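See structure below.
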Amino acid sequence: MKVVILIDNNPDPKGEYLTEHGICIYFEADGLKWLFDVGASPNFGINARKMGIDIKEVDYLILSHAHRDHTGGLEYFLRKNKKAQVYIAPLSSGQLFVSYRKTIHHDITIDHKVIADFADRFIFADSDLSLSPNVTIIRDIPKIDPLPKANCLLFQTDGTVERNDDFRHEVALAVKTTTGIVLFSGCSHHGILNILRAASQTFKQEKIITAIGGTHLLDNDWYSEFETPEEIANMANTIALKYPYMKLITGHCTGNQAQQLFSSILSDRFELFHSGAIYIFGNAIK
Numbered sequence: 127m128k129v130v131i132l133i134d135n136n137p138d139p140k141g142e143y144l145t146e147h148g149i150c151i152y153f154e155a156d157g158l159k160w161l162f163d164v165g166a167s168p169n170f171g172i173n174a175r176k177m178g179i180d181i182k183e184v185d186y187l188i189l190s191h192a193h194r195d196h197t198g199g200l201e202y203f204l205r206k207n208k209k210a211q212v213y214i215a216p217l218s219s220g221q222l223f224v225s226y227r228k229t230i231h232h233d234i235t236i237d238h239k240v241i242a243d244f245a246d247r248f249i250f251a252d253s254d255l256s257l258s259p260n261v262t263i264i265r266d267i268p269k270i271d272p273l274p275k276a277n278c279l280l281f282q283t284d285g286t287v288e289r290n291d292d293f294r295h296e297v298a299l300a301v302k303t304t305t306g307i308v309l310f311s312g313c314s315h316h317g318i319l320n321i322l323r324a325a326s327q328t329f330k331q332e333k334i335i336t337a338i339g340g341t342h343l344l345d346n347d348w349y350s351e352f353e354t355p356e357e358i359a360n361m362a363n364t365i366a367l368k369y370p371y372m373k374l375i376t377g378h379c380t381g382n383q384a385q386q387l388f389s390s391i392l393s394d395r396f397e398l399f400h401s402g403a404i405y406i407f408g409n410a411i412k
């Protein structure tokens, strides 16, 4: 199974590929070509061309959630690709999303006009859903372990009243391979431990070998304080204990403090991804 990070915040060592505050992941499984998120802009498509990946041939697109840094390249993708179905959690047409990072109001809403213009391409996943023999959307995620503290800066609104974002629009994606489960998350707004828990409950007989995606464990700044080093260390130790076969491959919204602590505790079971990174895992089971 081939996995390619088409775009991320972090640059590749040679500086060959574009970066942005966004994420787009390409992978191949079950004889099909998949995208998980489409970054903040069409830039993922430029990187894809450089890497010899034809966006027109993608069979499925899964959107992890309805924030712009994961959906900004959506119109570009749909105009380039004429066949892929797009899977996303249910949304109302008037549902807006707002960030107050560093106290500044940012509209981070998915482009609802694009959804309306390409309505026949969208499928709304309101529960766990198998897309192919070995690829499953995980929609039902428990909220048992703590959620990222930086979620407190994120809101949803109907245009009049703002309330805390409940992230009912977030999904994860699991791929069953010959060596175990490869789990994809966008920002892990439900909390990486809760998403791992959901995948473990869905695939009780399988071990999780890799989790790829952001963790939304942001660094403190002048305006906000988030997880303490002790809290992040506890998460890392929980992963080490409960998921002994798993490697955490992260980037995007994982802050420097979290990166350093995960690296220290998980050692070679931690890796930071970047634009253009390529990974090979076990084949999807036939």
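To convert, note that position 91 of the sequence shown is 217 in my numbering; the numbers rise steadily by one, no gaps.
Using N, Cα and C, we set each Cβ at its ideal position, and we do this for glycine too.
For clarity, every value in this text was computed on a predicted model and none was experimentally measured.
Fewer than three Cβ pairs drawn from the region 312 to 326 and the region 381 to 392 lie within less than 8 Å of each other, which leaves the two stretches out of contact. H232 and K208 have their C-alpha atoms spaced approximately 31 Å apart. Contact check between the region 281 to 293 and the region 128 to 146: fewer than three CB pairs, one atom from each, fall below 8 Å, which does not count as touching. Fully contained in the region 362 to 411 are the following beta strand (DSSP E) runs of length 3 or more, in chain order: 373 to 376, 396 to 398, 404 to 406. The region 273 to 282 makes no contact with the region 327 to 339, as fewer than three CB pairs between them are under 8 Å.
For N169, the enclosing alpha helix (DSSP H) has its first and last residue at 169 to 176.
In this structure, the straight-line span from the alpha carbon of A251 to that of V240 is close to 18 Å. In the DSSP assignment, V129 forms a beta bridge with F153, Y405.
Counting along the chain, A300 sits inside the beta strand (DSSP E) bounded by residues 298 to 303.
Residue state for R294 is assigned as coil, using DSSP reduced to three classes. With a 10 Å radius around the Cβ and a threshold of 16 neighbouring Cβ atoms, R175 comes out exposed.
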